[in-house]
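Numbered according to mature numbering (1 follows the signal peptide of the UniProt record, and there is no 0), the sequence shown spans residues -28 to -1, 1 to 545.
Backbone N, C-alpha and C define an ideal beta-carbon position, used for all residues, glycine too.
Down below is the structure, laid out as C-alpha cells.
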Amino acid sequence: MRRLNRGTLPWRLFASSLLLLLALGLQAAEQPGRAAIASAHPAATVAGLETLALGGNAFDAAVAISAALAVVEPYSSGLGGGGFFLLRTAGEQPSYRFLDARERAPLAAHPDLYRRDGEVQKALSLNGPLAAAIPGLPAALVVLAERFGRLPLHDSLAPAIRLARDGVSIDRVYRERASWRLAALRDDPQSARIFLDDEHEIPAEFALLRQPELATTLERLAHDGHAGFYAGDVAEKLVNGVRAAGGIWSLRDLAEYRIVERQPLRVALADGRELISAPPPSAGGLALAQSLLILQQLPWRQAEPAQRTHFVVETLRRAYRDRGLLGDPDFVANPQQQLLAPSYIKRLADSIDPDNATPSDSLPPAGGWHEGDHTTHFSVLDAAGNAVAATLSINLPFGAAFIAPGTGVLLNDEMDDFAADVQGANAYGLTGSPANAIAAGKRPLSSMSPSFIESPGEFASFGTPGGSRIPSMVLLAMLEYFDGQPIARWPSVARYHHQYRPDLIEYEPNTFSPAQIAALRARGHQLKALQRSYGNQQVLFWDKSGKRVEAASDPRGIGSSAVVEPGQLRRTP
C-alpha cells in the first residue's frame, strides 16, 4: 500500500481551497449585482421591473416587457407579430442563444400570391389579412417562460393583461403613427373600433386605449401556454376572421408554428471583444459583423469627421450590397462563412478609396428588399448577469390594420418583407432576391439586429427599430462605445445611412456641418437631408471590474431606462 506524505495532503487541500476561492471570486465578479432595463415605453420598463421584483430573472422580465409593448405600442409590435431574442445565460462561462420568432408564410402562400393580371399588387401585401404571416411572438413568450424563466407565465403576463384591460394613455407617438395609417385603420371595423375614437378619428392625446379582447387572449395564453394561442378557441377565431376577410390562414398553420433556436452569429473583434448578434434570417447581424471587421482595417478612429463618415459609408455600401444573398436558412444556403472570411474582408477593405466614393453601380449587384421600419426594441440585464436583447415587429405601423374579431390581436403585414417580384425590379432598379422569395412556411428576411459586445471586462447590449436602417444605426452606436463615449451618447448620436442602393447618404437634421457636407460631396457622395429623425435605440452597459451598470433610451422616443439595486426590487404590498 502506498503511504501518504504527511506534508502533501494539507498543501493539496490548501491549493484546492485556494483555487475554489479564486473560482468563486471570479464567478462573483461576473455578476453585475444590479438590474437594468431600457425599453421603448415607460409602461413596459415598469412591467419588467415589476417582474424582477417578483423574483423573476431577465427572461421573465423579457416576457413581461414584450407583452406590455404588445399592448401599449400596437403601432410597433404585438401578439400578431414576431421578432428576434438574443439571450445571455450567466455563469463563469456565459452562453448565448438566439430565438427566431419571426413570422412564417402561411402554407397556402406561393411566389405569385400578390400577382394579379401579371402585375404584383403592392397593396395586397400591406393591408388586410392576406398581408399577414403566422405570428411568432406568443410562442416565444411561452418558450422564454418555460425554458429560461423562474416565474409562471401568468405572473409575467400579468402587467400586460392589466394594461390591456384597464387601459393606457394615448401619447404623441401613437397619434403620429395612427395618422400614417388612418385610412387602413378605418377600413377594418375592429381596428377602427379599438384604435380610433367614436368618429373614427385619431384619439386625443391622453385618451384611454382599452383592449379587453386582447386582455382575454393574453389570459388564455397565460393559462394554456402555446395551445392557448395556436389551438382551441383563439386559433379558431383567428383563422375564421382571416379567411372571412380574404386571407389564407389555416388551423394547421397555427398548430405547426414553432420558434427556432439558432446559433447566434459570433465574431471575434480586436482588443479581446466579441460581437454576438443575429444570424439569418436576419441580414443585420452579418452587415454589422462585416462593417466592424472592415473598419478594423481602416484608420476611422483617428480620422477627422468627414473622413470618418466617408470610411463608414464606404463600409456600409459594401456590407449592404451582400445582404441580398441571404434568406431563411431553413430554405436557402447562406454564404455566411464566405462573407466573413478574412481574405474577403481584406478585399473589401482594400477596395475602399480613402479620397473618393465608390459608385454603387461599379460593384457587382446583389438582390435587395424592402421592409417596414416601425419595430421596437428593448434590453434587459438582471443582477446575476442574464440578459436579453430583443427586437420585435409587426412591420408597418399597426401592421396589416386588421384584427380578427373576438381576439383583439392586431395582425402583422410581414409578408411584405418577402421579395414579391423576383422577376421584376423595385423602385431603385434592384432585382428581387430569389433567396427571399415567397414560399410556404418560409420566414422573410429582416434587418432586426439585437446584439451584444462582450469582453472579459465589459458587456454591452444594442438594438433599435428602423427597418433597413437598423444595421447602420447600431453600427454608429457601437462606434460611440468603441470610442469610449458616455452611454447616453450611444443612442443619441446623430445618424446617417447608406445601403448600397439608392446610392446616396441619408442623414438626420443637423448631422453634418456645411463644411462636412462640402467635404463629402467633394469625395463624390450624394447626400439627402431627411425631414425628421428616425430610430429608437435602447442600450445597456456593464463594467465588470467596477460592477458599474448603466442603461439609456433614445431621446427621439418616449422610452425609459432604469438601473436598480437588488434591495429596490422588493415587491410592494
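Terminal residues of the alpha helix (DSSP H) in which residue i lies
i, result
"Lys500", "Here Lys500 belongs to no alpha helix (DSSP H); instead the beta strand (DSSP E) covers Leu499 to Ala501."
"Arg319", "Pro314 to Asp322"
"Tyr68", "Element bounds for Tyr68: not the alpha helix (DSSP H) but the beta strand (DSSP E), Ser67 to Ala73."
"Phe201", "Ala199 to Tyr202"
"Trp462", "Arg461 to Ser464"
"Tyr479", "Run containing Tyr479: none in the alpha helix (DSSP H); it sits in the beta strand (DSSP E), Ile477 to Tyr479."
"Ala104", "No alpha helix (DSSP H) contains Ala104, which DSSP labels as neither H nor E."
Option nearest residue i by Cα separation, candidates the options
i, options, result
"Ala411", "Phe431, Ser419, Met387 and Ser427", "Met387"
"Leu499", "Arg473, Ser351, Leu298 and Arg74", "Arg473"
"Ile266", "Pro538, Gly108 and Val239", "Val239"
"Leu190", "Gly90, Val114 and Phe370", "Val114"
"Arg290", "Tyr47, Ala7, Pro463 and Ser444", "Ser444"
"Leu180", "Arg144, Asn212, Asp205 and Leu157", "Arg144"
"Ala132", "Asp170, Leu98, Pro463 and Arg182", "Arg182"
"Tyr86", "Lys209, Leu59 and Ala104", "Ala104"
"Tyr292", "Ala255, Gly100, Gly438 and Ala321", "Ala255"
"Met420", "Ser440, Glu426 and Phe431", "Ser440"
"Gly108", "Ala40, Ser365 and Ser427", "Ser365"
"Ser97", "Asp475, Ala373, Ile442 and Pro458", "Ala373"
"Ala487", "Leu71, Thr281 and Ser263", "Thr281"
"Asp385", "Ala391, Asn367 and Arg234", "Asn367"
"Ile459", "Ser525, Pro481 and Leu312", "Ser525"
"Pro161", "Asn212, Ala217 and Asp138", "Ala217"
Straight-line gap, residue i to residue j (C-alpha atoms, nearest Å)
i, j, result
"Leu(-7)", "Gln65", "Low local confidence applies: a pLDDT of 36 at Leu(-7) is under 50, so the model's placement there is unreliable, with the coordinate-based value given in what follows. Roughly 15 Å separates the two Cα atoms."
"Arg224", "Ala36", "28 Å"
"Ser351", "Ala359", "7 Å"
"Leu(-11)", "Arg467", "The predicted model places Leu(-11) with a pLDDT of 35, which falls under 50 and marks its position as unreliable, so this point remains unresolved."
"Glu452", "Gly244", "18 Å"
"Tyr400", "Asp515", "Confidence at Tyr400 is low in this model, with a pLDDT of 27, below 50, so the placement of that residue should be treated as unreliable; the coordinate-derived value is given next. C-alpha separation (whole angstroms): 44 Å."
"Ile166", "Arg147", "14 Å"
"Leu58", "Pro236", "8 Å"
"Glu208", "Ile317", "50 Å"
"Val285", "Ala449", "15 Å"
"Gln268", "Ala242", "7 Å"
"Ala16", "Val44", "8 Å"
"Phe454", "Glu173", "46 Å"
"Val140", "Arg495", "50 Å"
"Pro78", "Ala39", "24 Å"
"Arg134", "Arg149", "24 Å"
"Leu116", "Gly204", "22 Å"
"Gly507", "Thr347", "9 Å"
"Phe283", "Gly197", "49 Å"
"Ser151", "Leu168", "10 Å"
"Asn306", "Gln540", "46 Å"
Sequence-distant residues of its chain with Cβ nearer than 6 Å to residue i (five each side left out)
i, result
"Pro110", "Leu51, Leu193 and Phe201"
"Ser517", "Gly429"
"Val521", "Pro4, Arg6, Ala8, Trp514 and Val535"
"Asp300", "Pro253, Lys414 and Arg415"
"Thr287", "Ser263, Ile266 and Leu267"
"Ala80", "Ile220"
Under 7 Å between C-beta atoms of residue i and residue j
i, j, result
"Gly20", "Ala33", "yes"
"Ala356", "Ala136", "no"
"Leu210", "Ala73", "no"
"Ala12", "Gly435", "no"
"Asn29", "Asp354", "yes"
"Glu75", "Gly54", "yes"
"Phe31", "Phe120", "yes"
"Ala42", "Ser49", "yes"
"Gly27", "Glu185", "no"
"Glu2", "Glu246", "no"
"His349", "Gln510", "yes"
"Pro101", "Val18", "no"
"Arg273", "Pro251", "no"
Cutoff 7 Å; reference residue i; Cβ partners in own chain excluding five residues on either side
i, result
"Glu537", "Arg6"
"Arg461", "Glu452"
"Gly(-4)", "Any reading at Gly(-4) needs caution, since the residue's pLDDT is 41, under 50, leaving its predicted position unreliable; the model's value is listed next. Once the five neighbours on either side are set aside, Gly(-4) has no close Cβ partner at all."
"Ser332", "Arg289, Tyr472, Arg473 and Asp475"
"Gly378", "Glu185 and Lys209"
Beta carbon proximity, residue i to chain B, threshold 7 Å
i, result
"Glu2", "Given the protein chain composition of this structure (a single chain), no chain B is represented."
Residues near residue i by beta carbon distance below 8 Å, same chain, minus five either side
i, result
"Tyr479", "Ala466, Arg467, Tyr468, His469, Leu499, Lys500, Ala501 and Leu502"
"Ser163", "Ala156, Leu157, Phe370, Ala373, Phe374, Ile375 and Leu382"
"Tyr229", "Arg76, Ile106, Pro107, Gly108, Ala111 and Tyr202"
Unbroken beta strand (DSSP E) run spanning residue i, endpoints
i, result
"Ala359", "Ala359 to Ser365"
"Val232", "Val232 to Arg234"
"Gln510", "Gln510 to Asp515"
"His349", "Thr348 to Leu353"
"Arg60", "Gly54 to Thr61"
"Ser533", "Ser532 to Val536"
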